[in-house]
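Protein chains in written order, with the working numbering: chain A, 1 to 195; chain B, 196 to 358. Backbone N, C-alpha and C fix where the C-beta goes; we use that ideal spot for every residue, glycine too. Scroll down for the structure; my scribbles are underneath it.
Right, dumping it as structure tokens:
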């Protein structure tokens, strides 16, 4: 749910990184944080367990610049990927203006990817979204691993509707900003169309 | 799409700021924040200079969301007031009209009783302002008032990512 503030001339949007556990959602945010000019970003908050698994969410505020005199700000969130944190995951997804689904390319994570994607569509519907209309991009992460499934196969399973998708190695930053830019653009286009 | 976005106009923003500033004084508090349920800061008043207000807003919304989840588990509609007691500072958080979250930070110059009393009055005033705000936004949307973003071009969007 975007927030347009005429008084401070700001527009705020919420982006959510969704996906199976250990898929690299937090790593995406960490890379963005490291590579962004300190003036353009706020503090990154991670509510994680002692073993650095996301417990509730990660949060990173970014300022992208101005459009027509309005400062454009994006609030990036990740959900906890582990199956049993489902209630928290649903809470974080609420109010999202755009979603990135971070898939784990490893063969053995195929089932986890599908399960997480279905779980996301389910939660989106429960929040009143039309899952086919919300700005959504797919990222196939961990492309550098030897057990990564072929992209064609992942596309067939996770992206039958041909949404924008990106190959990534989040630990090195490959594809991270391409993914962010793509979803941010979709969100702004959605605002433009006023729906 | 899900819930429509929130729009804040200058007039209502000034009214909200005035209510918050009065609350800071009347409750002898250090600072007061108004946050939307999705974690965006709407307005703040008091000693906010050294406070990371963006983080505060997002964590408060997460807190309210988690507490709301707990309420549902117990068959409650919501827990409308949260109170966190610290060694120095205390946090009073309450939901206003299912829409926005009012956060008051106070130390030993004030008391929980005083804060609760003042928050009640301010919440009513804020609730009325938000009712007006929603109606205004609706009227502008249906009255054909285009959003400032209706006119942005693909090039504007591209430019944002060019640097």
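Secondary structure note for residue 256 (chain B): its alpha helix (DSSP H) is the uninterrupted segment 248-268. Going by C-alpha positions, residue 28 (chain A) is about 44 Å away from residue 304 (chain B).
Secondary structure at residue 44 (chain A): coil, using DSSP grouped into helix, strand and coil. Neighbours of residue 109 (chain A) in chain B, taken as residues whose beta carbon is under 8 Å from its own, are absent, since the nearest beta carbon is some 27 Å off. By the criterion of at least three beta-carbon pairs nearer than 8 Å, the stretch 24-42 of chain A is in contact with the stretch 64-84 of chain A. If you draw a straight line from the Cα of residue 326 (chain B) to the Cα of residue 8 (chain A), it comes to about 20 Å. Interface annotation, residue 250 (chain B): in contact with chain A, CB-CB separation under 9 Å. Against chain B, the CB of residue 144 (chain A) has no partner CB under 9 Å away; the residue lies outside that interface.
Closest in C-alpha terms to residue 310 (chain B), from the list B:222, B:201, B:261, B:206, comes B:222.
The closest CA to that of residue 71 (chain A), considering only A:45, A:111, A:125, A:4, is found on A:4.
In this structure, the alpha-carbon of residue 208 (chain B) lies about 28 Å from that of residue 261 (chain B). Close CB contacts of residue 112 (chain A) within its chain, under the 6 Å cut and outside five residues either way in sequence, are with 20 (chain order).
About 4 Å separates the beta carbon of residue 218 (chain B) from that of residue 317 (chain B), a gap short enough to meet the 8 Å contact definition. One Cα belongs to residue 181 (chain A), the other to residue 39 (chain A), and the distance between them is close to 18 Å. A residue is called buried once 16 or more other Cβ atoms fall within 10 Å of its Cβ, and residue 200 (chain B) is buried on that count. The stretch 344-355 of chain B and the stretch 179-193 of chain A touch, with no fewer than 3 CB-CB distances between them shorter than 8 Å. Residue contact with chain B for residue 164 (chain A): absent (no Cβ-Cβ distance below 9 Å to any residue of chain B). Between the C-alpha atoms of residue 154 (chain A) and residue 141 (chain A) there is a straight-line separation of about 11 Å.
Looking from the CA of residue 280 (chain B), the closest CA among B:215, B:242, B:302, B:289 belongs to B:302. Under a criterion of Cβ atoms nearer than 9 Å, the residues of chain A adjacent to residue 352 (chain B) are, in order, 67, 184, 185, 188, 189, 192. Residue pairing of residue 61 (chain A) in beta bridges, as defined by DSSP: A:75. Residues of chain A with a Cβ closer than 7 Å to the Cβ of residue 273 (chain B) do not exist, since the nearest Cβ in that chain sits about 13 Å away. Contact between the stretch 209-216 of chain B and the stretch 234-245 of chain B is present: three or more C-beta pairs spanning the two stretches fall below 8 Å. Residues of chain A with a Cβ closer than 9 Å to the Cβ of residue 232 (chain B) are, in chain order, 1, 94, 95. Linking residue 164 (chain A) to residue 73 (chain A) through their CA atoms gives a straight-line distance of about 22 Å. At a cut-off of 9 Å between beta carbons, residue 6 (chain A) contacts chain B. A residue is called buried once 16 or more other Cβ atoms fall within 10 Å of its Cβ, and residue 136 (chain A) is buried on that count. Between the alpha carbons of residue 101 (chain A) and residue 18 (chain A) lies a gap of roughly 5 Å. For residue 56 (chain A), the residues of chain B that pass the 8 Å Cβ criterion are 257, 261, in the order they occur in the chain. Counting the other CB atoms within 10 Å of its CB gives residue 232 (chain B) a total of 16 or more, which places it among the buried residues. At a beta-carbon threshold of 7 Å, the residues of chain A lying near residue 200 (chain B) are 1, 2, 3, 4, ordered along the chain. Where residue 239 (chain B) is concerned, the enclosing beta strand (DSSP E) starts and stops at 236-241. Taking a Cβ-Cβ cut-off of 8 Å, the neighbours of residue 45 (chain A) in chain B comprise 250, 253, 254, given in sequence order. Cβ contact annotation for residue 69 (chain A) (same chain, cutoff 8 Å, sequence separation greater than five): 9, in chain order. Chain order gives the chain A residues near residue 264 (chain B) as 87, 91, where near means a beta carbon separation below 7 Å. Between residue 99 (chain A) and residue 15 (chain A), the C-beta spacing is below 9 Å.
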